[in-house]
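For the sequence shown, the residue numbers in the numbering used here are 2 to 359.
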Amino acid sequence: MNAPVDVSLFARAAKPITSYRRYWAHRFGPAPFLPMSRKEMDALGWDSCDIVLVTGDAYVDHASFGMAVVGRVLEAQGFRVGIISQPDWHSAEAFKALGKPNLFWGVTAGNMDSMINRYTADRKLRSDDAYTPGDVGGKRPDRAAIVYSQRCREAFKDVPIILGGIEGSLRRIAHYDYWSEKVRHSIALDAKCDLLLYGNAERAIVEVAHRLAAREPVEDITDVRGTAFVRRSTPEGWSEVDSTSVDTPGRVEDHVSPYMTIADQAKAKGESCAKEEGTGALQGAPQALQFVPNPRVKLNRDRTVIRLPSYEAVKSDPILYATTPAACCTWRPTRAMPARWCRRTANATSGSTRRRSR
Ligand code: B12
Numbered sequence: 002m003n004a005p006v007d008v009s010l011f012a013r014a015a016k017p018i019t020s021y022r023r024y025w026a027h028r029f030g031p032a033p034f035l036p037m038s039r040k041e042m043d044a045l046g047w048d049s050c051d052i053v054l055v056t057g058d059a060y061v062d063h064a065s066f067g068m069a070v071v072g073r074v075l076e077a078q079g080f081r082v083g084i085i086s087q088p089d090w091h092s093a094e095a096f097k098a099l100g101k102p103n104l105f106w107g108v109t110a111g112n113m114d115s116m117i118n119r120y121t122a123d124r125k126l127r128s129d130d131a132y133t134p135g136d137v138g139g140k141r142p143d144r145a146a147i148v149y150s151q152r153c154r155e156a157f158k159d160v161p162i163i164l165g166g167i168e169g170s171l172r173r174i175a176h177y178d179y180w181s182e183k184v185r186h187s188i189a190l191d192a193k194c195d196l197l198l199y200g201n202a203e204r205a206i207v208e209v210a211h212r213l214a215a216r217e218p219v220e221d222i223t224d225v226r227g228t229a230f231v232r233r234s235t236p237e238g239w240s241e242v243d244s245t246s247v248d249t250p251g252r253v254e255d256h257v258s259p260y261m262t263i264a265d266q267a268k269a270k271g272e273s274c275a276k277e278e279g280t281g282a283l284q285g286a287p288q289a290l291q292f293v294p295n296p297r298v299k300l301n302r303d304r305t306v307i308r309l310p311s312y313e314a315v316k317s318d319p320i321l322y323a324t325t326p327a328a329c330c331t332w333r334p335t336r337a338m339p340a341r342w343c344r345r346t347a348n349a350t351s352g353s354t355r356r357r358s359r
């Protein structure tokens with residue numbers, strides 16, 4: 002059984018992005034534009050690309066385009082980066098345009114989730130696409146991150162696939178999918194990527210690129226913050242905590258009609274709205290929750306995983322679904338980060354636990 006592991010809570014000091022020794026290919030110097038064809042590679046004197054980024058957006062060499070940011074950051078580390086933008090996804094041919102990447106594929110659906118990009122909230126086709134020349138729609142497939150990853154695998158089977166961007170990031174654990182009205186499991190399982198880098202990925206991708214360049218197998222890269230990947234079981238030497246022992250669902254509130262005033266809501270519950278009665282406080286108002294670490298739980302934070310409920314369990318139980326992410330938020334004085342999961346033997350690593358104070 003495979004289970005993605007989220008390692009966002011590893012207590013690892015981040016290495017400054019400028020402290021790496023540049024890759025040997027830095028001698029080619031920066032490209033005026035990252036190449037998108039063999040001809041452009043030839044003009045730069047490149048025989049191959051170290052990294053090929055595949056994106057569902059047009060390549061615009063500007064900081065508002067994720068693939069351009071990631072590409073230029075990698076180039077600054079000395080790597081030769083090519084871009085395949087909005088390829089024809091019906092076969093693997095377009096994915097071979099720049100040859101086999103020496104190190105890895107970087108795959109992204111683009112700046113937006115491909116389903117949001119293509120459909121309105123009414124599930125009608127959008128008339129435009131802000132990330133395509135001429136605003137034309139239909140230049141990327143639905144669920145582009147999955148489709149592109151599959152085509153990359155078909156094009157060059159043994160090249161690691163590193164998935165990133167918003168589509169991968171927000172779908173990295175079991176998630177509700179509005180378009181199919183279903184809970185889907187992690188995109189890491191569908192895309193079969195080797196690593197999923199979520200959020201702003203500059204720091205993580207630089208580390209991953211240098212480690213792959215140093216010939217470290219991708220399956221050994223399991224300790225980079227901000228990554229998710231599939232594991233068969235909890236590694237030896239790690240302990241496991243059941244997420245329901247960390248955070249149990251509290252009282253489930255009734256759905257409140259957005260058309261009701263606060264006074265109406267209070268009345269419906271047999272309570273009164275004190276503000277309207279002049280005392281300034283809402284009678285029976287819920288108390289703010291305070292989160293504190295559980296003093297009874299002594300864990301080795303660096304070697305503890307939280308086992309989340311299975312995909313099947315959250316799929317069939319909306320309350321469990323709604324509360325599961327909360328079980329994986331760490332409580333630390335300075336930050337609260339979700340570290341979540343996906344599937345049957347799902348493990349999400351977390352260095353700490355939290356409890357509601359009662
Ligand atoms: C600017 C912007 C727009 C502009 C775009 C103009 C343009 N052509 O640039 C305009 C106003 C047109 C726009 C429109 C819309 N937008 Co808009 N927009 C944004 C905004 C504010 C910034 C996007 C951006 O420039 N990001 C900068 C890039 C560099 O960031 P990034 O893509 O996230 O990349 C980072 C990571 O994802 C990762 N990464 C990226 N690529 C890769 C690749 C690899 C291999 C790896 C490892 C990592 C990686 O690293 C990158 C660097 O840190 C975002 C919110 C946000 N703060 O991101 C919303 C956002 C993208 N928009 C959104 C939406 C919903 C829309 C609209 C649908 C709104 C509407 N109802 O009409 C429309 C789209 C209409 C259409 N037909 O396309 C949503 C998308 C939600 C989603 N889940 O996809 C966002 C996220 C806002 C939100 N929080 O809801 N938008």
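Idealized CB from N, CA, C, for every residue including glycine. Predicted, not measured: the structure shown is a model, and the values here were computed from it.
Flag this pair as yes or no: are the beta carbons of residue i and residue j separated by less than 9 angstroms?
| i | j | result |
| --- | --- | --- |
| Val209 | Leu196 | yes |
| Pro236 | Thr223 | yes |
| Gly1 | Gly166 | Because the chain spans 2 through 359 in this model, residue 1 falls outside it and cannot be assessed. |
| Trp90 | Arg141 | yes |
| Glu168 | Ala146 | yes |
| Trp106 | Phe157 | yes |
| Arg28 | Gln78 | no |
| Ser38 | Leu99 | yes |
| Leu198 | Val219 | no |
| Tyr177 | Tyr322 | yes |
| Asp130 | Arg144 | no |
| Ile18 | Arg233 | no |
| Arg308 | Asp265 | no |
With distance defined between alpha-carbon atoms, name the residue in the options nearest to residue i.
| i | options | result |
| --- | --- | --- |
| Glu155 | Met37, Phe96, Glu313 and Ile84 | Phe96 |
| Ile84 | Ala122, Leu35, Gly57 and Ala110 | Leu35 |
| Arg81 | Trp90, Thr324, Leu54 and His63 | Leu54 |
| Lys101 | Tyr120, Arg144, Lys125 and Ser49 | Ser49 |
| Thr249 | Arg28, Ala122 and Pro310 | Pro310 |
| Gly72 | Gln87, Ala32 and Gly46 | Ala32 |
| Ser86 | Met261, Ala69, Glu76 and Leu75 | Ala69 |
| Asn201 | Lys40, Ser170 and Asp221 | Ser170 |
| Tyr149 | Ser115, Asp123, Leu45 and Gly251 | Ser115 |
| Val247 | Tyr260, Arg216, Asp123 and Thr325 | Thr325 |
| Pro1 | Val74, Trp47, Lys40 and Gly139 | Shown here, the chain extends from 2 to 359; a query on residue 1 therefore has no answer. |
| Trp47 | Ser128, Arg124, Ala26 and Arg302 | Ala26 |
Can you round the beta-carbon distance between residue i and residue j to whole angstroms, since I take them to be within the 8 angstroms contact cut?
| i | j | result |
| --- | --- | --- |
| Asp51 | Leu104 | 5 angstroms |
| Val306 | Glu241 | 5 angstroms |
| Ala192 | Arg152 | Not really, about 11 angstroms apart at Cβ, beyond 8 angstroms. |
| Ile174 | Cys194 | Not a contact, Cβ separation roughly 14 angstroms. |
| Ser273 | Ala267 | 6 angstroms |
| His211 | Tyr21 | 5 angstroms |
Within 8 angstroms: the Cβ of residue i and any heavy atom of ligand 2?
| i | result |
| --- | --- |
| Asp114 | Annotation note on ligand 2: not contained in the displayed structure, which lists ligand 1 as its ligands. |
*Count the C-beta pairs between the region 130 to 139 and the region 173 to 191 that are closer than 8 angstroms, then say yes if the count reaches three, no if not.*
With a cut-off of 8 angstroms, the region 173 to 191 and the region 130 to 139 do not count as touching, because too few Cβ pairs lie within range.
*Per the contact definition of three or more C-beta pairs closer than 8 angstroms, is the region 43 to 59 in contact with the region 98 to 111?*
Because the criterion of three Cβ pairs below 8 angstroms is met, the region 98 to 111 and the region 43 to 59 touch.
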